Each structure stands twice: as C-alpha cells, then as structure tokens.
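Asker:
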Amino acid sequence: MFTALLLLKCKPDTVPPQFLHSFPKIYPFSSTAESKMPKVRRSRKQPPEGWELIEPTLEELEQKMREAETEPHEGKRITESLWPIFKIHHQKSRYIYDLFYRRKAISRELYDYCLKEKIADSNLIAKWKKSGYENLCCLRCIQTRDTNFGTNCICRVPKSKLEEGRVVECVHCGCRGCSG
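Residues in the sequence shown are numbered consecutively from 1, following the UniProt record's numbering.
1) In terms of residues, what are the limits of the alpha helix (DSSP H) holding residue 108?
2) Let's see if you can read the secondary structure: which residues bound the alpha helix (DSSP H) around residue 97?
3) Starting from the C-beta of residue 133, find all residues in its chain whose C-beta is less than 8 Å away, skip the five residues before and the five after it, and write them out in chain order.
4) Hey, could you find the ends of the alpha helix (DSSP H) residue 181 is sitting in?
5) Below 8 Å, how does it come out for the segment 110-128 and the segment 86-98: are there three or more Cβ pairs, yes or no?
6) Given residue 68, which residues of its chain have a CB within under 7 Å of its CB, disregarding the five upstream and five downstream residues?
7) Any contact between the segment 64-82 and the segment 96-114? By contact I mean 3 or more CB pairs, one from each, below 8 Å.
8) Note down the Cα distance separating residue 131 from residue 179, rounded to an integer number of angstroms.
9) Helix, strand or coil, according to DSSP, for residue 149 in the structure here?
10) Going by the CB atoms, is the gap between residue 125 and residue 54 shorter than 8 Å?
11) By Cβ distance, which residues of its chain are closer than 6 Å to residue 158, with the 5 residues on each side in sequence left out?
12) So what does DSSP say about residue 140, is it helix, strand or coil?
The following block contains the structure:
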C-alpha cells in the first residue's frame, strides 16, 4: 500500500518498470500543456431571465478579481494584499443589491439565483438592509472578536467623532470610513 502511494506521486518516466503493470488505469498521463482549464460551472440549472443583462458587468468584475488575486504583493503588508479582493467583492455584492432593491431592475428569481450561486454575499446584503449599516464595507469590520477590546473597526466610527485631519484606514479591508 505504501509503495502504491509513493508511485502515485511519481512522474511517469520515473516509475520503475516492474510496477507499471500494477497500475494500468493511471497511465498514460496526459500533458498539462495540452489540456485547458474548463470554465467554472456554477450549477446545472440555467440562469433565470435577465441574466444576459447583468452577465457582462459580472464578468468584468470577475476579471478584475482574477487580476487582483495575481497582483504581486511585494512591499505590502499581509493584510494590504487582500484589500483589492475585498473591494471587488464589495462591488459585486453592491451591484446586485442596487439592481434589486434600489433600481428594481432584476427579478426576485435572478436575485435569489445570484445569492444561491454566491455571486453576491447574502450576509453582507442582509446587513445593508439594516439601519446604520447601509454603507458597510465588509463583515469583518463589525465582528467584535477580531479586536482587542471587543469593539468595531475604526472605519465604523463616524468622521464627525474623529480628530480633524486624521486619515483612517481599516486594517481588515482598507476602508476609509463606511459609517457615514
């Protein structure tokens, strides 16, 4: 059994010939250069009517997300490298929220599809519907367990309560003030 596990990790040209007959289904290996990654499938269910109207914007945001993920992080703090990802995640969720609740441009079925397929963050949208959280940047900023004294993030403090000229930047997502 141990030998079989070691052989599974070997490259095809390094496997001893006496073991090749034991694993006929493993060989021949296909080259990764020949194969292409398939497009991500969300679900087998067809998207509802109206999907073609919002798809280009969501594809554009998805492309920005891929660029943000592959962006080099040299010279940045560990948390700073995640800020563009949080920002794009916020934009996608805000786009779906605005289309459904503010502009009434998409159907309930399409809205539910976007939430079910995790295109938009349902927990963040649920907070946006509550009073005082209309401009919330991310859920980490209101989690009290992430701070030393059990309080919210600094970006949740209203600008009128801060010192004059003080630049506030959230450690979690880079927000500069989402309390209003």
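Beta carbons: idealized from backbone N, C-alpha and C, even for Gly. None of these values were measured; they are calculated from a predicted model.
Answerer: In short:
1) 108-116
2) 83-97
3) 127, 142
4) No answer is possible for residue 181: the residues shown for the chain start at 1 and end at 180.
5) yes
6) 84, 85, 88
7) no
8) 11 Å
9) coil
10) no
11) 179
12) helix
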